[in-house]
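Mapping to numbering that gives the first Met the number 0: the sequence shown position 110 is 109, numbers consecutive.
Down below is the structure, laid out as structure tokens.
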Amino acid sequence: MNHAMKIFISHSSRDKWAARKIAQEIGTLKAETFLDEKDIETGESIDHSIKKHLKNSDHFLLLLSPASVKSEWVLIELGGALALGKTIIPILLYVGANEIPKAISLKLARDINDIEKYYDEVRQKIGIRIAKSAPSPIAKKQTTQTKTKQFKIGEKIKIAPQKPAILTSTGLKVGWVDSMDAYVGLPAKIMQTAIGPSSGVVVYLLDIDQGQHAWAEEWLVPDNS
Numbered sequence: 000m001n002h003a004m005k006i007f008i009s010h011s012s013r014d015k016w017a018a019r020k021i022a023q024e025i026g027t028l029k030a031e032t033f034l035d036e037k038d039i040e041t042g043e044s045i046d047h048s049i050k051k052h053l054k055n056s057d058h059f060l061l062l063l064s065p066a067s068v069k070s071e072w073v074l075i076e077l078g079g080a081l082a083l084g085k086t087i088i089p090i091l092l093y094v095g096a097n098e099i100p101k102a103i104s105l106k107l108a109r110d111i112n113d114i115e116k117y118y119d120e121v122r123q124k125i126g127i128r129i130a131k132s133a134p135s136p137i138a139k140k141q142t143t144q145t146k147t148k149q150f151k152i153g154e155k156i157k158i159a160p161q162k163p164a165i166l167t168s169t170g171l172k173v174g175w176v177d178s179m180d181a182y183v184g185l186p187a188k189i190m191q192t193a194i195g196p197s198s199g200v201v202v203y204l205l206d207i208d209q210g211q212h213a214w215a216e217e218w219l220v221p222d223n224s
């Protein structure tokens, strides 16, 4: 007997189109979803309904976008999910790794381009077999791959001498933020590698900022001094 898995979808009202599509796609997997616009009845207490559905959910799918990372309501829902010990599933929509709330590990995040991999995990959780579906209409796959430098932990590097004009040529949305400007051109050491939002792409955590930012390899050069 399959477990009636329930997934709470947290999102900004500006991203309703994506949240609706994700809910529809999860529905085809025979899992239940909570989406405020379809599951909160007229006249019902929004706060009470969200608490009830959050408590009864197995996963908390957080649709992270430029709007939702600034939404107080979304952050309140995230805090509730963390307090309840829910499995957090961050899905990135037009945001970079450095814009992910600090409460969420970078390793947990998936880019919208890789959401089918999360759907596969849901299938496994509820014990069903479904033929692999076509890519989600809200995802646009990268068709090319770029060779990586693959810096090693402990290796000395230098941060690019100029603030980059582009994010990264790999297609990974890491995103340079203003607080990184202070480190331009400085030497540093690789503390740790992490898997970025796009599957299989590596980003780097450096000692110069105690791992605060995720650095794309395009922003780093070997330090041969």
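Think of the CB as a built atom: it goes at the ideal place given N, C-alpha and C, for glycine as much as any other residue.
(message) Suppose contacts are defined by Cβ-Cβ distances below 9 Å. Is proline 100 in contact with glutamate 154 by that definition?
(response) no
(message) Within a Cβ cutoff of 7 Å, which residues of the same chain sit near lysine 162, ignoring the five residues on either side of it in sequence?
(response) Trp175, Asp180 and Val183
(message) Suppose the cutoff is 7 Å on Cβ atoms and the five residues either side in sequence are ignored; what does the same chain contact list for threonine 142 look like?
(response) Summary for threonine 142: the model assigns pLDDT 37, below 50, so the residue's position carries little reliability, and this model does not support an answer.
(request) Could you spell out the range, first to last residue, of the alpha helix (DSSP H) harbouring leucine 83? (result) Element bounds for leucine 83: n/a, residue is neither H nor E.
(message) Are the CB atoms of serine 64 and alanine 17 within a distance shorter than 9 Å?
(response) yes
(message) To the nearest angstrom, how far is the alpha carbon of leucine 205 from that of asparagine 223?
(response) 17 Å
(message) If you follow the beta strand (DSSP E) that tyrosine 203 is in, where does it begin and where does it stop?
(response) 201 to 205
(request) Classify serine 12 as helix, strand or coil using the three-state DSSP reduction. (result) DSSP, read as helix, strand or coil, puts serine 12 in helix.
(message) Taking the straight line between their C-alpha atoms, what separation do you get for valine 202 and glutamine 209?
(response) 14 Å
(message) Run through the DSSP bridge pairs and tell me what isoleucine 90 is partnered with.
(response) Leu62 and Arg109
(message) At the level of alpha carbons, what is the spacing between serine 168 and tryptophan 214?
(response) Its pLDDT being 42, under 50, serine 168 is placed unreliably in this model, and the coordinates cannot settle the point.
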